[in-house]
Amino acid sequence: MTLRLLIIEGNVRADRDAYSAGFGRTASEAYAATLAELAPDVVTDICLAADADEALPFGVTLADYDGVFITGSSLNVYDGGPAIERQIALARAVFASGTPMFGSCWGLQVASAAAGGVVARNPRGREIGVARAIRPTPTGVGHPLLAGRTAPFEALCSHIDYVATVPDGSKVLAGNAMSEVQAIEIVFEGGLFWGVQYHPEFSLAEIAAIVVRRAAALAREGVFPTEQDALNFAAGLARLEREPAPRGLAERLGLGPEVLDPGRRRLELVNFLEHQVRPRRARRA
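First residue of the sequence shown? That's 995 in this note's numbering, and the numbers climb one at a time after it.
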């Protein structure tokens, strides 16, 4: 039974081009590839929601999809402007359509803003590379989004913003020292959203490309002691993508199996597909 999915790209054209130059794919193209690995029966459409002239395929509505996914982005919700307002409006429309929605990082922030939450710059600074010591909340323990996660766990990440105020009626499912909202469930206007502040869709190579692109800025921010340290970290990630077990490298980078094993890294995506997307497809069939 074919699953029809919509992937909403969070970046504007210039940022899509930079992402593709560094990694070989845009964020939405990489997301689509990950979902195809997890569910070979998927058909995906990509919506460049930040662009003024972007629309769904002819004759297709949001309700025709079995699931909607929102990628990460270099944008900041609080900056406002048409590219951001279009995405928030689209997220509200997805809620109203009843199609289940999942978001990573920016996707969580956009859905939260669409449902009445507040997104702000994180006073604790940037969290990039690996989000450490993420713990389910009492509400998150046993929630199907986090099924299979150990406590605490780690995940690939890249963000400087966070959800400062959650929408009314939301369930915060996990958090860590950098952000109290690392996973959330939002019910709004008849629709359901599951999202995470980290990136279960990322490969090691993808986060490595992001670190390389931002290496100088990361050194200025103090995330890494020097630009070269950032580049060395990225090179280690890229090598681990190519060679699963170079002796001692994962330990030197502080990476555990929750990050290294693609099956464990992508658990939230698998859980969303199994608990929300496939049941919707069955009902629609």
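Ideal Cβ positions, reconstructed from N, Cα and C, are used throughout, including at glycine. Here the structure is a predicted model, which is why all the values come from computation and not from measurement.
Assigned exposure category for residue i - 16 Cβ within 10 Å defines buried
{"i": "GLY995", "result": "Per the sequence presented here, residue 995 reads as Met, with Gly not at that position. The residue is exposed, with fewer than 16 neighbouring Cβ atoms inside 10 Å."}
{"i": "PRO1051", "result": "exposed"}
{"i": "ARG1236", "result": "exposed"}
{"i": "ARG1241", "result": "exposed"}
{"i": "GLY1335", "result": "With the chain represented from 995 up to 1279, any question about residue 1335 goes unanswered, as that position is not in the structure."}
{"i": "THR1093", "result": "buried"}
{"i": "VAL1037", "result": "exposed"}
{"i": "ALA1015", "result": "exposed"}
{"i": "GLY1097", "result": "buried"}
{"i": "GLU1262", "result": "buried"}
{"i": "THR1028", "result": "buried"}
{"i": "VAL1071", "result": "buried"}
{"i": "ALA1044", "result": "buried"}
Three-state class that DSSP yields for residue i in the structure shown
{"i": "GLY1184", "result": "coil"}
{"i": "ALA1044", "result": "coil"}
{"i": "GLY1061", "result": "strand"}
{"i": "PRO1130", "result": "strand"}
{"i": "GLU1215", "result": "helix"}
{"i": "ILE1078", "result": "helix"}
{"i": "GLU1179", "result": "strand"}
{"i": "SER1014", "result": "helix"}
{"i": "ILE1204", "result": "helix"}
Contact set for residue i: own chain, Cβ-Cβ below 8 Å, skip 5 residues either direction
{"i": "ALA1294", "result": "Since the first and last residues shown for the chain are 995 and 1279, residue 1294 lies out of range."}
{"i": "ALA1244", "result": "LEU1234, GLY1250, LEU1254"}
{"i": "VAL1054", "result": "ASP1039"}
{"i": "THR1220", "result": "ALA1213"}
Residue nearest to residue i in terms of C-alpha spacing, selected from the options
{"i": "ILE1201", "options": "ILE1001, ALA1211, ALA1232", "result": "ALA1232"}
{"i": "VAL1157", "options": "MET1172, VAL1062, GLU1148", "result": "MET1172"}
{"i": "ALA1108", "options": "LEU1084, VAL1124, CYS1099", "result": "LEU1084"}
{"i": "ARG1019", "options": "ALA1199, GLY1230, ALA1213", "result": "ALA1199"}
{"i": "PHE1227", "options": "GLU1048, VAL1124, SER1091", "result": "VAL1124"}
6 Å Cβ shell around residue i - same chain, five flanking residues per side excluded
{"i": "ARG1129", "result": "ALA1145, PRO1146"}
{"i": "SER1152", "result": "ILE1122, ILE1204"}
Cut-off 7 Å between Cβ atoms - residues of its own chain near residue i, not counting five sequence neighbours on either side
{"i": "LEU1225", "result": "VAL1206, ALA1209"}
{"i": "ALA1026", "result": "ILE1001, THR1038, ILE1040"}
Is the region 1073-1082 in contact with the region 1112-1121, if contact means three or more CB pairs nearer than 8 Å?
-> no
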